[in-house]
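Which chain is which? The protein sequence lines are A and B, in order. Mapped onto this note's numbering, the consecutive letters of the first sequence carry residue numbers 1 to 183. Mapped onto this note's numbering, the consecutive letters of the second sequence carry residue numbers 184 to 350. All residues carry an ideal CB built from backbone N, CA and C; glycine is no exception. Here the structure is a predicted model, which means the values were calculated and not measured.
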Amino acid sequence: MNIFAKLLPIILLSFIFYILIYNIYPKYQETISLIKQINELKNKIKKIESIEKFLQSLNQNNYLQEIYKQKNLLDLWLPTKLQFDSIVASLVGIFQANLFPLKSFQIEIQPDPFYYNNSVLPVKKVNIKFTTQINNQNLMNFLNSFEQNMRLMSFKKVKISSSESSEFVVETYYLSTELNSQK
Amino acid sequence: MDNLKNLIPWGLIAPFLIILLVEYGLIFFLNFYNKSLENEINKLNSSILQKQDLLQQDFLNNPIYQSFSQIVNIVEIFKKRDSLVFIINKFNQVMPKFLTLKDFSYDSEKKEIEINGLVSNWNDFNRFYKYVDNLDIFKIKEVRDLQADEKGINFNMVLILQPKFFQ
């Protein structure tokens with residue numbers, strides 16, 4: 001009993017340190033990490049609020065109001081929807097103007113939206129694949145017609161053959177309203 | 184009992200007991216505080232999700248932002264687009280007259296031209312290879328399917344367009 005009484009302060013001291021190291025310190029660390037998380041979330045809210053303000057300021061920006069007045073033209077260059085009919089109309093128009101027959105073509109919409117610039121809405125790319133018999137006289141006119149088409153188009157892949165049918169993959173675009181979750 | 188009172192040095196032990204009590208108090212406080220922090224985090228998270236959804240809808244439905252996005256994307260597409268007409272014209276300008284082109288392929292992503300050509304003999308092929316190799320607008324990636332027939336030497340050549348090509 002006497003020995004226990006003498007060891008009691010040492011036992012208590014060990015117990016105090018045990019609680020400090022194995023109970024209080026981990027809880028303190030948890031508190032710090034939770035406070036850090038809260039600060040990060042608050043910063044995120046501030047960022048969202050600043051974006052909200054930016055959106056409001058867009059509506060009051062005179063330059064953008066002017067751009068908005070040209071919406072019809074912008075919709076021709078880069079529609080806000082796929083507008084399949086405008087793709088067909090462009091193809092038929094180009095082929096007819098160059099006296100080439102349009103027999104068949106394939107349309108493939110890229111699944112993921114593409115971000116040319118992270119501050120604005122992305123675009124969806126649409127690949128138009130077709131083959132046709134072309135001659136050297138009309139070739140450059142034919143290519144020019146695509147590059148100068150109202151709806152933006154660019155050649156992604158071409159195989160121009162002097163003996164067989166030539167193969168083309170033309171890329172066109174539309175503004176996407178699907179966003180990547182990370183953006 | 185008196186014996187125990189005499190045996191235990193209460194004066195020495197009392198501070199340790201007080202420290203222990205304080206420690207337990209601290210544990211209790213930290214548990215309570217952490218729980219309230221967790222609740223706050225949950226509230227903030229749900230509020231952020233709500234705000235993000237609203238903001239996303241606002242952006243998608245805002246016609247001014249849509250027009251702004253259209254004009255920015257149009258400019259970017261124009262900047263990144265290589266004109267095939269320009270590429271073919273430039274290619275035709277630099278190619279020697281003794282080369283006959285059977286096929287011409289272009290891949291805009293790889294910025295590669297592949298030609299299926301014909302020259303009249305091996306000397307011309309060597310001349311052509313050296314000529315193209317010396318041009319700083321192309322880098323020869325591959326030469327394959329070299330084949331001699333009655334018309335001459337057929338070959339396939341893959342050329343990578345260098346930045347100077349577009350200048």
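Anything in chain A within Cβ reach of B/P246, meaning under 8 Å, just list it in chain order.
By 1-based counting over the second sequence, the position of residue 246 of chain B is 63. B/P246 reaches chain A at Y68 and K71, counting residues in chain order whose Cβ is nearer than 8 Å.
- Query: Relative to chain A, which residues along the region 210-229 of chain B have a C-beta separation below 8 Å, given in chain order?
  - Reply: So the close ones are I210, L213, N214, Y216, N217, L220, E221, E223, I224, L227 and N228.
Beta bridge counterpart(s) of A/V170 as assigned by DSSP: By 1-based counting over the first sequence, the position of residue 170 of chain A is 170. In the DSSP output, where bridge partners are listed per residue, A/V170 has A/I128 and A/F155.
Discussion item. Taking the alpha-carbon of A/N135 as reference, which of A/K69, A/L12, A/S166 and A/Y28 has the nearest alpha-carbon?
Written reply: Reading the first sequence from its first residue, position 135 is the one you call residue 135 of chain A. Of the listed residues, the one whose Cα sits closest to A/N135 is A/S166.
| field | Interface flag, A/K183 vs chain B, CB-CB below 7 Å | value | Position 183 of the first sequence, counting from 1, holds the residue named residue 183 of chain A. Because A/K183 sits at a pLDDT of 48, beneath the cut-off of 50, its placement in the model cannot be relied upon, and the point is left open.
Notebook entry, point to check: Would you call B/V277 buried or exposed, if buried means 16 or more other Cβ atoms sit within 10 Å of its Cβ?
Noted result: Within the second sequence, residue 277 of chain B is the residue found at index 94, counting from 1. Looking at its Cβ environment, which holds fewer than 16 other Cβ atoms inside 10 Å, B/V277 is exposed.
- Query: What's the C-alpha gap between B/F269 and B/L344?
  - Reply: The residue given as residue 269 of chain B occupies position 86 in the second sequence. The residue given as residue 344 of chain B occupies position 161 in the second sequence. Cα to Cα, B/F269 sits roughly 13 Å from B/L344.
*So, does the CB of A/I194 fall closer than 7 Å to a CB anywhere in chain B?*
The structure shown does not extend to residue 194 of chain A, since chain A is modelled only from 1 to 183, so the question has no answer here.
Neighbour-count burial assignment, A/L91, 16 or more Cβ in a 10 Å radius: In the first sequence, counting from the first residue as 1, residue 91 of chain A sits at position 91. Buried, since its Cβ has 16 or more Cβ neighbours within 10 Å.
Do you know how far the Cα of A/L76 is from the Cα of B/N256? Locating residue 256 of chain B in the second sequence gives position 73, counting from the first residue. Locating residue 76 of chain A in the first sequence gives position 76, counting from the first residue. B/N256 and A/L76 have their alpha carbons spaced roughly 13 Å apart.
Does any C-beta atom of chain B lie closer than 7 Å to the C-beta of A/S176?
Here residue 176 of chain A refers to the residue found at position 176 when the first sequence is read from its first residue. Interface with chain B (7 Å Cβ-Cβ cutoff): A/S176 is excluded.
Q.
For a cutoff of 7 Å on Cβ pairs, would you count B/S250 as touching chain A?
A. Taking the second sequence and counting its residues from 1, one reaches residue 250 of chain B at position 67. The beta carbon of B/S250 falls within 7 Å of a beta carbon belonging to chain A, placing the residue at that interface.
TODO: Indicate whether A/F142 and A/V170 have their beta-carbon atoms separated by less than 7 Å.
DONE: Start at 1 with the first residue of the first sequence, and residue 142 of chain A comes out as number 142. Start at 1 with the first residue of the first sequence, and residue 170 of chain A comes out as number 170. The answer is no: Cβ separation not under 7 Å.
Starting from the C-beta of A/F100, find all residues in its chain whose C-beta is less than 6 Å away, skip the five residues before and the five after it, and write them out in chain order. Working through the first sequence from its first residue, we reach residue 100 of chain A at position 100. Within the same chain, A/F100 has close Cβ partners T132.
Next on the checklist: Which residues of the region 89-118 of chain A have a Cβ closer than 7 Å to any Cβ of chain B? Give them in chain order.
Outcome noted: Cβ contacts with chain B come from Y116 and N117.
ask   = So, are the CB atoms of B/L284 and B/I271 less than 7 Å apart?
value = As a position in the second sequence, residue 284 of chain B is number 101, starting the count at 1. As a position in the second sequence, residue 271 of chain B is number 88, starting the count at 1. Not in contact: B/L284 and B/I271 (Cβ atoms no closer than 7 Å).
Quiz prompt | Entirely enclosed alpha helix (DSSP H) segments - the region 297-341 of chain B, minimum 4 residues | solution = For the region 297-341 of chain B, the full-length alpha helix (DSSP H) segments reaching 4 residues or more read 305-317 along the chain.
Exercise for review: Determine the DSSP secondary structure at B/K226, reduced to helix, strand or coil.
Suggested key: In the second sequence, the residue the question calls residue 226 of chain B occupies position 43. In the structure shown, B/K226 sits in a helix (DSSP, three-state: H, G or I).
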